[in-house]
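Asks: In terms of our numbering, the sequence shown opens at residue 56 and continues consecutively. Glycine is no exception: its CB is placed at the ideal position from the N, C-alpha and C atoms.
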Amino acid sequence: MKIETLRLYEDREDVTLTSYILDDSAELSASAKRPAIIINPGGAYITISDREAEPVAMKFCGMGFQTFVLKYSVINGNENAWPKNMDILPARNKTVEYPAALLELGKSILLIKCRAEEWHIDITQIGICGFSAGAHNCTLYASSWFRSVLTKGLHAMEEELHPAFCIAGYPFVDWELEYNLGLDEATRNAYRWMYFDFFGDADPIPERMRECSPNYLVTEKTIPTFIWTTSTDQAVDPRHSIRLVSAMAECGVPYEFHIFGEGQHGLALADITTSQNEDDINNTVAQWIPLVDRWLKRIVRFV
């Protein structure tokens, strides 16, 4: 396997794309081109979760994909850790605000297409996968790849930015939803940080929130999406996923949706590979892996 970490900006080391490229072998049809997938870990746009990064990439490598992990712009990117005091908002950093992460995902697709021959990748079969806030970035991209925020922002044509599919694990989707929920103080503070980091404003106006909520942006051009969550997620309400699925159903977008009965937030692979403790291991939720594998085999072309 060839592993390489590339900076998306010359002057920043916090925003990177790491490639995990399977080695060529005469036994593995070396000339064949593989599909690719870009993993977007979660972290509330505050940090980047390691649990939702390389372990997930390795799982998709095992499914036959060339895989990539995108560390996109977040407020605590250099430290890659949660702030010790979340009662006080950080200094504003416009370089991490919307549409930074969205543009970085588009930039990653363009970079992969640029090196597709070297990496043996089928440029028509590049997908995106995210968890929590990373799933927000992916589902936002899934309905925005053709919009001017990306085409003008990256000086690219729609077809150059078009991904083949999207996978979203316990996605944060609707920025307005949390304003209508009774959250405890610690969770509310975390969300204030998240809103501030993304919008530059801890209390953005409703119109601004809707502009960046994937459930309001779904059209017939939204790409096929696999969504999963749990009904007991304490950090990202399952209604985020339900609202996104409802919008996709209204627009006739191909989707598959699984909501598991029990499981906390941030389970990632839900097995020992991504566990910090026993609560992170959930054999039922871990079934999302074989489920998504079967779904991918229906919609992705393996040359």
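(1) Is it buried or exposed, I103, if we count other Cβ atoms within 10 angstroms and call 16 or more buried?
(2) With DSSP collapsed to three states, give me the class of I344.
(3) In whole angstroms, what is the alpha-carbon distance linking I354 and Y196?
(4) CA-CA distance, E262 and A341?
(5) Please report the Cβ distance between H175 and R67, rounded to the nearest whole angstrom; I am assuming they are in contact, meaning their Cβ atoms lie under 8 Å.
(6) Can you tell me the Cβ-Cβ gap for P218 and I278, rounded? I've got them flagged as a contact below 8 Å.
(7) State the DSSP-derived secondary structure class of W248, mapped to helix, strand or coil.
(8) Could you tell me the alpha carbon to alpha carbon distance between Y225 and D288, rounded to whole angstroms?
(9) Can G161 and L205 be called in contact, C-beta distance under 7 Å?
(10) In this structure, what does DSSP give as the bridge partners for I181?
(11) Quick one: any contact between the stretch 254-270 and the stretch 308-327, if contact means 3 or more CB pairs under 8 Å?
(12) Tell me the start and end of each unbroken alpha helix (DSSP H) in the stretch 115-171 that is at least 4 residues and wholly inside, in chain order.
(13) Between the C-alpha atoms of G318 and A112, what's the straight-line distance to the nearest angstrom?
(14) Residues in the same chain with beta-carbon distance under 8 Å from V291, minus the five sequence neighbours each way, listed in chain order, please.
(15) Any heavy atom of the ligand ATP closer than 6 Å to the beta-carbon of G119?
(16) In chain order, what residues of the same chain have a beta carbon less than 8 Å from the beta carbon of C267, not counting five sequence neighbours either side?
(17) Taking only the alpha-carbon atoms, compute the straight-line gap between R106 and G97 and give it to the nearest angstrom.
Replies: Reading off the structure:
(1) buried
(2) helix
(3) 19 Å
(4) 37 Å
(5) So it is not a contact: roughly 29 Å between Cβ atoms.
(6) 6 Å
(7) helix
(8) 8 Å
(9) yes
(10) A91
(11) no
(12) 155-169
(13) 22 Å
(14) S187, Y225, P226, F227, T284, H320
(15) Within the structure as shown, the ligand ATP is missing, as the structure has no ligands at all.
(16) Y153, L195, W230, F253, F254
(17) 9 Å
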